[in-house]
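Data block below; observations after.
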Amino acid sequence: MTKRFLVTLILLTAVFCSALEVTYIDWQNYGSAATRIVIGLYGTGSYKVDKSNDFVEIKLDNADVSKVDISNSAEGLIKSIEQFGDKIVISTFCPYCLEQMELDAPRRLVLDLIVAQPDKQQKIELVDFYTSVGKLNSADKIYSELHRNYPSDYEILYKWACLLKQRGSGRLKEIVGKIPENSEYYSLAQQMLKGTEKKDSAQLCSPQKAQNACKISSVEEKTTTESLYIMPKTQQDKKQTTKPAKIKKLYGRKWISGIMLLIILILLLILIYLFIASISRKKKKTTLNINIEPDNKEDIHPEENKTLCLMVRRLLDFGWTNSEIAKELKISEEEVERLVQLCHQDESQ
């Protein structure tokens with residue numbers, strides 16, 4: 009009974025620990041154009057992301073509904089983040105495009121919400137977003153669209169050139185060549201092309217735009233997996249055109265699952281101990297074979313002896329054998345022999 013109870017308890021605890029738990033929710037806004045949301049997950053359960061026009065719904069399968077404290081905030085693209093049982097609902101102010109990926113060690117779900125129809129300013133914010141997370145190819149495409157729509161905006165050309173230099177692209181000379189000599193960005197672009205640009209080159213131009221434009225080339229971007237984190241350390245050292253909103257961290261209760269795993273380990277140790285003890289007891293146990301020989305000898309009353317003697321004598325006269333008489337009278341053959349001897353004694357007297 010104890011073993012069954014322990015096994016059942018272990019199985020129930022294992023099911024609880026395999027449930028999917030939300031440990032934290034982080035998000036960072038890049039103006040009104042993009043928001044990166046990171047959801048920390050703990051457990052082996054699965055999830056499903058459903059996209060709608062103005063919200064994202066994350067359905068957790070076999071979920072441990074850990075009450076993550078989520079404070080609603082109207083910032084950037086995100087209207088609110090709410091939890092309803094085993095669902096997390098992310099509401100947005102406008103239609104969006106969704107990009108998602110999952111990271112391991114620790115397990116995280118990364119959702120990038122991007123405004124569906126960005127204007128010029130939002131496209132610039134998207135460039136900042138893609139650059140900060142290491143998606144330089146996406147940033148390159150947006151610069152190409154911006155230049156096609158705004159060919160006389162030389163700030164865009166200069167910032168595009170900075171990105172191409174960072175990527176080591178062979179198109180750098182072509183883009184720099186599109187900046188005319190009368191542009192305030194011409195000298196900076198030529199210095200960058202020659203590889204002689206200095207950290208204080210932004211001070212050579214009076215417009216404040218030049219200082220902001222140099223942000224990409226001033227600090228080398230990390231394109232490794234570290235760029236997938238919400239707030240790279242290098243972001244704090246850069247001068248940005250669009251400063252991302254402060255990160256929000258909402259932590260769950262991951263320690264509960266840790267305690268349950270410890271309980272499983274303790275229960276397993278107890279079960280192993282009981283199993284070993286049971287085997288040991290079986291080896292030490294001795295079986296006692298007690299053979300009780302029933303006493304077939306019956307104390308027969310003298311009057312009964314006389315009656316039996318008469319019956320035996322009568323049967324012998326009819327030609328019965330001792331074994332047949334024993335079966336008929338339901339007594340042993342030894343008893344029949346004894347009765348026969350008694351009959352002989354009576355006859356001799």
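Here the sequence shown is numbered in my numbering, starting from 9 and rising by one per residue. No residue lacks a Cβ here, since even glycine has one placed at the ideal position from N, Cα and C. Just so we're clear, the structure is a prediction, and the values are computed from it rather than from any experiment.
DSSP places residue 110 within a strand segment (E or B) once states are collapsed to three.
In the DSSP assignment, residue 345 is bridged to no other residue. Counting along the chain, no alpha helix (DSSP H) covers residue 30; the unbroken beta strand (DSSP E) around it starts and ends at 29–38. Taking a cut-off of 8 Å for Cβ pairs, the stretch 114–130 and the stretch 43–52 touch, as three or more such pairs fall below it. In terms of Cβ geometry, residue 108 and residue 57 form a close pair [threshold 8 Å]. One Cα belongs to residue 38, the other to residue 125, and the distance between them is close to 15 Å. Restricting attention to 141, 139, 177 and 193, the CA atom closest to the CA of residue 165 is found in 193.
Residue environment for residue 171: buried (at least 16 other C-beta atoms within 10 angstroms of its C-beta). For residue 283, the three-state secondary structure derived from DSSP is helix. By the neighbour-count criterion, in which a residue is buried when 16 or more other Cβ atoms sit within 10 angstroms of its Cβ, residue 349 is exposed.
Distance from the CA atom of residue 123 to the CA atom of residue 278, rounded to whole angstroms, is 56 Å. In the three-state DSSP reduction, residue 125 falls in the coil class, being neither helix nor strand.
Taking a C-beta distance under 8 Å as the contact criterion, residue 101 and residue 41 do not qualify as a contact pair. Between residue 162 and residue 183, the gap from beta carbon to beta carbon reaches 8 Å or more. In chain order, 66 place their CB closer than 6 Å to the CB of residue 96, counting only its own chain and leaving out the 5 sequence neighbours on each side. The three-state reading of DSSP puts residue 139 in helix, counting H, G and I together.
In the DSSP secondary-structure assignment, residue 88 is bridged to 99. When only Cα atoms are considered, residue 343 and residue 313 end up about 10 Å apart. Annotation: the continuous alpha helix (DSSP H) that includes residue 149 extends over 144–157.
For the pair residue 86 and residue 43, the CB atoms are nearer than the 8 Å cut-off.
Beta-carbon to beta-carbon, residue 34 and residue 68 are separated by about 17 Å, too far to satisfy the 8 Å threshold.
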